Every structure is written in structure tokens, then in C-alpha cells.
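Each remark here refers to the structure printed beneath this line.
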Amino acid sequence: MNDLSEREEEPERPVEVDGTAYLFKALGKIIKVLREHAGLQQKELAALVHVGEDLVSSIERGVRTPQPDFLENVDRALGAGGVLIAAIPDVRDALKRARTRHPDWFRDYAQAEASANAIHDYSYQGVMGLLQTEGHARAIFAKRRPLLDEAAIEKRVADRMARQQIFERWPSPTFSFVLDESLLMRPVGGADVHKGQLRRFLEIGRLRTVELQVMPFSRGEHTAMEGSFSLIHPKGRQQIAYSETYNRPNLVTDPEQVRIYAERYGIIRAQALTPDESLTLIEKTLGER
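Remember, this note's numbering sits 174 above the position in the sequence shown when you count from 1.
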């Protein structure tokens, strides 16, 4: 969910015991070799297959999962002769197994999120996992106590990045996000990582499937100052709410309690800046205006 999310219960699960991460890393290396052999930069390949440069970079480094349609498009663009297409059945199988990667207490939410028709989130003290950059996520996990080893950090970063593939799904869910202005100011991971996070906000906020708003400091008090929460419309099910505080998840299914969260969310959306005003504020914070 937010910066505190996806903490696993002890004992630690062995890193990627099902081997899915190794498959995705191997495919990323193959794609990089094919791209370089074709004399293309990452941004040139991204333009050929109509995706973002960040996606190509993340897949080549093994922190994002290459979807079957991506592999098909890259295979054709690089003239790979079916090398990447041949891996698609294994990728589909790995994706099914990877759905169990989350800890038990988070798994119900993760499954609801992955199949959601709509996701609405208010982020107060930490950036929601779906919006985090790789650098931001790595900085958060590196500061976790008790300390995680490097392999565990990389696994958790990869798991978090994999959740973001929902933005590539079609038909797309409906997304709306409200960010507290404090998230624009706290330089998690240092200046460069923070700039990357601000650019990620802009990238997501400009998607036509997304409404992204900022709750400015100037609004003073509002109805959701107790903390972050999400509202999810799982496919074929009633709306649910989710919040989390210091490793204590709260998945809410009671209709009356969910209604209260929905009411709060409607009010803060009315109080927040409009999407256009919000993007302008983020650009100013980034120094692009």
C-alpha cells in the first residue's frame, strides 16, 4: 500500500523460492543484448513499441515483469525471430505463480487490487506502492527495522514494481489518487530519487485513466487527517476499504464502515486542488515551471 506496506511476517520467506524473478531477469538481459545489437537506445526501443523509457529500463534490469504483448512487440521491433515469443508460455505460468508472492495478511488486498475495476487512494505520510519509483521503494525498504539483507530488499522492490503493471491493463480500472502536499516535499532517497518520484507523479497524473490531486497545506484541517487509506472495487464484489498503521493491516468489508471511508474520500477530493492545478504544483516543486 504505502511506504509501510508489504512487511512480511517472520520467519522471512526465502527470496523468490519459485524462481520467477530469475526468469524475468534473464529475459531482461536478453532484451538488452538484442537492443544493443540492433544499435538502439532504450528510448528508441520504447518509442518503437509505444511504452515509456522507464518501463524498458526496468524490464532490462529485472525489476518489472515483461508482459506477453510487450515480448511480442519487442520481438518484432528487434527482429528477434521469435526468441522472445517462445518464452511467453513460461512467462504466463510465472505470472500465475507470482500472484502468491505477497504475505498472507496482505494477499487479500493484493488480489482485490490486481482485479479491481476502480482504485481510489489518499496518501498522507507515505507514497502508495502503486505510485512509487524503484528508487523510492528501495530507499524505504533499506531503512526498515529490523534491517533487511540486500536480497530481501531487491525482492520486495521487484514485488512492488510488479503491482504497477495494473496501469498497463486494458480495459483499464478507474484510478484516482489524492496526495498530501507533504509528499511533494520530503526528499525520500535523496534529491535525485525525489526528483524521479515527482516525475513519476506527473507521468501517472497525465494518464487519461487517472485523476491525481494534491491536498495543499493551505486547506488546513480536513476529514482524513488520521492517515492514508484506499477504496477498492474488486471485480464482481462490493467495494472494500484498506488502511495500515505500523504493520497492522485493516481490510474493511462492512458496508457501513466502507461507506464512511467513501464519504471521507469524496470530501477530501472536493477540498483538494483540481487535477490540472495539482500537476502545475508538482511541476513547480520539480522546478519545471
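Built from N, CA and C at the ideal position, the CB exists for glycine as well. Please read these numbers as outputs of a predicted model, since none were measured by experiment.
Spatial distance of residue i from residue j (CA atoms)
{"i": "E205", "j": "E227", "result": "A small fix is needed here, since residue 205 is Ile in this sequence, not Glu. In a straight line, the C-alpha of I205 is about 14 Å away from that of E227."}
{"i": "A221", "j": "L214", "result": "11 Å"}
{"i": "D428", "j": "L258", "result": "46 Å"}
{"i": "R415", "j": "N247", "result": "For the record, residue 415 in the displayed sequence is Ala; it is not Arg. Approximately 37 Å between the Cα atoms of the pair."}
{"i": "T448", "j": "L357", "result": "17 Å"}
{"i": "V225", "j": "I233", "result": "12 Å"}
{"i": "Y296", "j": "T419", "result": "14 Å"}
{"i": "P320", "j": "G363", "result": "18 Å"}
{"i": "E210", "j": "Q413", "result": "46 Å"}
{"i": "D450", "j": "R382", "result": "12 Å"}
{"i": "T459", "j": "M359", "result": "8 Å"}
{"i": "E457", "j": "L376", "result": "8 Å"}
{"i": "G401", "j": "P347", "result": "24 Å"}
{"i": "L245", "j": "P345", "result": "19 Å"}
{"i": "D354", "j": "M399", "result": "10 Å"}
Residue i burial status per 10 Å Cβ neighbour count (16 or more: buried)
{"i": "R374", "result": "buried"}
{"i": "R312", "result": "buried"}
{"i": "T274", "result": "Unreliable placement is indicated for T274, whose pLDDT of 46 sits below 50; no coordinate value is reported for it."}
{"i": "Y283", "result": "buried"}
{"i": "G461", "result": "exposed"}
{"i": "I327", "result": "buried"}
{"i": "G236", "result": "buried"}
{"i": "I434", "result": "exposed"}
{"i": "A268", "result": "buried"}
{"i": "K329", "result": "buried"}
{"i": "Y439", "result": "buried"}
{"i": "G253", "result": "exposed"}
{"i": "A261", "result": "buried"}
{"i": "S452", "result": "buried"}
{"i": "V207", "result": "exposed"}
Beta-bridge partners of residue i, as assigned by DSSP
{"i": "I139", "result": "Since the first and last residues shown for the chain are 175 and 463, residue 139 lies out of range."}
{"i": "R318", "result": "Answer is none; R318 lacks a bridge partner."}
{"i": "E451", "result": "None; E451 has no bridge partner."}
{"i": "V426", "result": "A415"}
Anticipated Cβ contact below 8 Å, residue i with residue j, distance rounded
{"i": "S289", "j": "P408", "result": "6 Å"}
{"i": "V426", "j": "Q371", "result": "Actually they are not in contact, since the Cβ atoms of V426 and Q371 sit about 28 Å apart, beyond 8 Å."}
CB contact below 7 Å: residue i versus chain B
{"i": "V225", "result": "Going by chain labels, chain B is absent from the structure shown, which holds only one protein chain."}
Counting only runs of 4+ residues fully inside the stretch 339-407, write out the alpha helix (DSSP H) ranges in chain order. 356-359, 365-379
Inside the stretch 208-266 only - alpha helix (DSSP H) runs reaching at least 4 residues: 216-223, 227-234, 242-251
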